[in-house]
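Written out below as C-alpha cells is the structure these notes cover.
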Amino acid sequence: MKNLILLNGSPQRKGSTSMKMLDLFKDSLDNDFKASVIEASKSILQKNQLQDYEKMGKADAIVLAFPLYIYCLPGVLEEFLVGYRDYICSAGKVVEQKIYAIINCGFPESRINEDAALVIKSFCDEIHAKYCFSVLIGGGGMLQPLRMFPSVNKMWRKIKFAFNQIILNVEEERGKADIYIDSKLPKRLFYFIAETNFSVVAKKKGIKKKELFNQPYRDKK
Amino acid sequence: MKTYIISDGDYKTSIYETLSGQVDAFFENRGFEIEKKSIQKGELHFCIGCYGCWTRKPGECVIEDSMAQINQTLNRSDVVVYLSPIVFGQYSPNMKNAIDRGLPNVLPLFVKKPDGTTGHPARYPSKPQMIIIGYGDEVSKEDARLFKNIVEHRRDIEALVFSGEQENISISLDKLKLERIKG
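In the order they appear, the protein sequences are chains G and P. Just add 2 to the spot in the first sequence (first one is 1) and you have our numbering. Just add 211 to the spot in the second sequence (first one is 1) and you have our numbering.
Dropping the structure here:
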C-alpha cells in the first residue's frame, strides 16, 4: 500500500479550488493507497508543523495543490515548504518520495503556472525528493461556479484524467511532462464574467461600482 | 525623490549586508531620501485570498497589520527596492507575504498583456519604479533565471540578482530609470 500526503497550499479558509482538487483526487484513489490531507495554512496557524512534517517525511508521495499567487507560490505555502526543507536537512534524513503539483491560476492561460512548477522542482532538488510532474490549470476560479458550462465541464474531465496519470505514475519509475489544461472560455467572456463577479460581490457589501477604483494612497502633492 | 527599501529581517546574512550597503550608497550619492522597512518573521499575515482589497475596502488590505503602512509608503515613493533572499527560485516567505499583499495596488479588471497572457491593470495613474533584487550565497544558475522570470512576469518591474560579495550592484542600478512611471 502506498502512503500519500495530499498537501493543500491554498491560504483560503474554506471552499478553495485547491481543496476541491484534492477531494476529487482522493475520490480517484483505490484501496492500494492510503491518503491523508494536510493544510499548510492551518498547520502554520495552529503550530502543527512538526507533527505534519513527520507525517510528510514518511510518505511515498506528496501531491501538492495550490493557487498561483503573483506568478509563484503563496507566501504561506513557501513558509511551510521552507520549514519542511529545514526539518529534512537538519535531521539528515533522506526522503525518496515523489512529488507532484496541481497548480491553478485565476487567469485563463495554464502556462502562467510554469514557473511555480519550477519552484516545486527546485524545492525537490534541495530535499533530494523526486519531482515527477505538475498539472497546470488555467481559469481555476471558474471551475466550481461554472461547471455547468460544457467547456468548463470538459476541463473537469481533463483534470480527472490528469489525476489518474499521477496515480499511475506513483507506481512508475520515470516522471513525465507537465500536463496543461487551459480555460476554453472565450477570453472576452472570461474577463466579463470575472469582472462582473467582483462587482456583484462588492455591491452586496455596499460598495458602489465607482468605489472599486478608489485610490486611497494617492499622493495628494 | 524618495526610495523605499524593503528587506527580510530573517535573512540578514553577510551577503545581504554587502548588498544593502551598496544599495544605500547608490541612492544616497544620487540625493534620494531613503526610507527602510525590514519585515520580521510573523509581522505580516499571509494573504488569505479574500479579495476584500477589491470588494470590501477597494485599494486597501482588510487584514490589520503593518501592511497598510507599507502599501501607503510604497505608493508615495518614486522608487521601491525589494531585497529578497532567493528561496527555491522565488521570494522568501516574508517577502512573498508583502508581495502577495500588494494586490490592492491593482484593479479587479482583466486585460490582455503584450505577450498574450492576462493581467490586472494598475490602480494608480502613476506608480513607483519597482526593482526587486534577489540575493543568496549559493544561488544556482537555474534558480537565478527562475527568479528573474517570476519577477518579470509583472509589467514594469526590474529584476536583478546579487550572488557574490565581489559584485557591484550600482552598475546594474545605474542603467535603470529611477523615477515614477505611468500606471
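Just so it is clear, CB atoms sit at the ideal spot from N, CA and C, and this is done for glycine as well.
Next on the checklist: Using a Cβ-Cβ distance cut-off of 8 Å, determine whether D289 (chain P) contacts chain G.
Outcome noted: Walking along the second sequence from the start, residue 289 (chain P) turns up at place 78. Not closer than 8 Å to any Cβ of chain G, the Cβ of D289 (chain P) fails to qualify, so no.
Checklist entry - Which whole-angstrom value describes the C-beta separation of P339 (chain P) and S288 (chain P), a residue pair presumed to lie in contact below a C-beta threshold of 8 Å? => result Locating residue 339 (chain P) in the second sequence gives position 128, counting from the first residue. Locating residue 288 (chain P) in the second sequence gives position 77, counting from the first residue. Their Cβ separation, rounded to whole angstroms, is 5 Å, which keeps P339 (chain P) and S288 (chain P) in contact under 8 Å.
Next on the checklist: What does the alpha-carbon distance come out to for the pair N155 (chain G) and E349 (chain P)?
Outcome noted: Indexing the first sequence from 1 puts residue 155 (chain G) at position 153. Indexing the second sequence from 1 puts residue 349 (chain P) at position 138. Taking the straight line joining both Cα atoms gives about 45 Å.
Checklist entry - For L177 (chain P), does the three-state DSSP call read helix, strand or coil? => result Only positions 212 to 394 of chain P appear in this structure, which leaves residue 177 (chain P) out of reach.
Item to check | N-terminal and C-terminal residue of the alpha helix (DSSP H) that M150 (chain G) is part of | outcome: The residue given as residue 150 (chain G) occupies position 148 in the first sequence. Per DSSP, M150 (chain G) belongs to no alpha helix (DSSP H) and is neither H nor E.
Checklist entry - Taking Cβ positions only, does Y102 (chain G) come closer than 8 Å to chain P? => result Sequence index remark: in the first sequence, residue 102 (chain G) carries index 100 (1-based). Output row for Y102 (chain G): interface = no.
Checklist entry - Along the region 267–285 of chain P, what residues have a CB closer than 7 Å to any CB found in chain G? => result R267, P269, G270, E271, N282, Q283
Checklist entry - Between D320 (chain P) and chain G, is there a C-beta pair that is closer than 8 Å? => result Against the second sequence, residue 320 (chain P) aligns to sequence position 109. Looking at the sequence itself, residue 320 (chain P) is Leu, so the reference to Asp does not match. Interface residue, yes.
Next on the checklist: Given this structure, state the Cα-to-Cα distance separating S12 (chain G) from E353 (chain P), to the nearest angstrom.
Outcome noted: On the first sequence, position 10 is the one that residue 12 (chain G) refers to. On the second sequence, position 142 is the one that residue 353 (chain P) refers to. Approximately 26 Å, taken between the alpha carbons.
Checklist entry - Which residue spans inside the region 111–137 of chain G form an unbroken alpha helix (DSSP H) run of at least 4? => result 116–129
Checklist entry - For chain P, is any of its Cβ atoms less than 8 Å away from the one on Q86 (chain G)? => result Position 84 of the first sequence holds residue 86 (chain G). It should be noted that the sequence gives Tyr, not Gln, for residue 86 (chain G). Chain P, which has no Cβ nearer than 8 Å to the Cβ of Y86 (chain G), makes this no.
Checklist entry - Given that a residue counts as buried once 16 or more other Cβ atoms are within 10 Å of its Cβ, and exposed if not, what is P188 (chain G)? => result By one-based count along the first sequence, residue 188 (chain G) stands at place 186. Classification of P188 (chain G): exposed, given that the 10 Å Cβ count is below 16.
Item to check | Selected residue, minimal CA-CA separation from F125 (chain G), among P:P269, P:V291, P:Q301, P:V322 | outcome: As a position in the first sequence, residue 125 (chain G) is number 123, starting the count at 1. Of the candidates P:P269, P:V291, P:Q301, P:V322, the one whose C-alpha sits nearest the C-alpha of F125 (chain G) is P:Q301.
Item to check | V78 (chain G) versus V298 (chain P) - alpha carbon distance | outcome: Translated into positions along the first sequence, residue 78 (chain G) becomes position 76. Translated into positions along the second sequence, residue 298 (chain P) becomes position 87. Cα to Cα, V78 (chain G) sits roughly 13 Å from V298 (chain P).
Next on the checklist: Assuming the contact rule is C-beta atoms closer than 8 Å, I245 (chain P) and I217 (chain P) should be a hit. Round their C-beta distance to whole Å, please.
Outcome noted: Locating residue 245 (chain P) in the second sequence gives position 34, where the first residue counts as 1. Locating residue 217 (chain P) in the second sequence gives position 6, where the first residue counts as 1. Going by Cβ atoms, the distance from I245 (chain P) to I217 (chain P) rounds to 12 Å, so no, they are not a contact pair.
Item to check | Residue from P:V372, P:E228, P:Y335, P:D221 whose Cα sits closest to the Cα of P315 (chain P) | outcome: The residue you call residue 315 (chain P) lines up with position 104 of the second sequence. For the residues P:V372, P:E228, P:Y335, P:D221, the minimum Cα distance to P315 (chain P) belongs to P:Y335.
Checklist entry - The alpha helix (DSSP H) with T266 (chain P) in it runs from where to where? => result Along the second sequence, read from residue 1 onward, the residue named residue 266 (chain P) stands at position 55. Per DSSP, T266 (chain P) belongs to the alpha helix (DSSP H) from 263–266.
Item to check | Secondary structure of M212 (chain P), DSSP reduced to three states | outcome: In the second sequence, the residue the question calls residue 212 (chain P) occupies position 1. M212 (chain P): coil per DSSP, three-state reduction.
Next on the checklist: Can you tell me whether C91 (chain G) is buried or exposed? The criterion is at least 16 other CB atoms within 10 Å of its CB, across all chains shown.
Outcome noted: Here residue 91 (chain G) refers to the residue found at position 89 when the first sequence is read from its first residue. Looking at its Cβ environment, which holds fewer than 16 other Cβ atoms inside 10 Å, C91 (chain G) is exposed.
Checklist entry - Using 8 Å as the threshold, is the region 104–123 of chain G in touch with the region 57–71 of chain G, meaning 3 or more CB pairs across them? => result yes
Next on the checklist: Less than 7 Å between C-beta atoms, sequence neighbours within five positions excluded: which residues of the same chain meet that for V317 (chain P)?
Outcome noted: Within the second sequence, residue 317 (chain P) is the residue found at index 106, counting from 1. Closer than 7 Å at the Cβ level, and outside the excluded window around V317 (chain P), lie H331, P332, A333, R334.
Next on the checklist: Rounded to the nearest angstrom, what separates F151 (chain G) and K247 (chain P) at their Cα positions?
Outcome noted: Here the question's residue 151 (chain G) lines up with position 149 in the first sequence. Here the question's residue 247 (chain P) lines up with position 36 in the second sequence. Each residue's alpha carbon lies about 50 Å from the other.
Checklist entry - Using a C-beta cutoff of 8 Å, does F299 (chain P) count as contacting chain G? => result By 1-based counting over the second sequence, the position of residue 299 (chain P) is 88. With 8 Å as the cut-off, F299 (chain P) counts as an interface residue toward chain G.
Next on the checklist: Starting from N379 (chain P), trace the alpha helix (DSSP H) in both directions and tell me its first and last residue.
Outcome noted: Here residue 379 (chain P) corresponds to residue number 168 of the second sequence, with the count starting at 1. Premise fails: N379 (chain P) is in no alpha helix (DSSP H) and is neither H nor E.
Checklist entry - With a cut-off of 8 Å, does the C-beta of I310 (chain P) fall near any C-beta of chain G? => result Numbered from its first residue, the second sequence carries residue 310 (chain P) at position 99. So yes, I310 (chain P) belongs to the interface.
Next on the checklist: Report the CB separation of I183 (chain G) from T328 (chain P) in whole angstroms; it is logged as a contact under 8 Å.
Outcome noted: Reading the first sequence from its first residue, position 181 is the one you call residue 183 (chain G). Reading the second sequence from its first residue, position 117 is the one you call residue 328 (chain P). Actually they are not in contact, since the Cβ atoms of I183 (chain G) and T328 (chain P) sit about 16 Å apart, beyond 8 Å.
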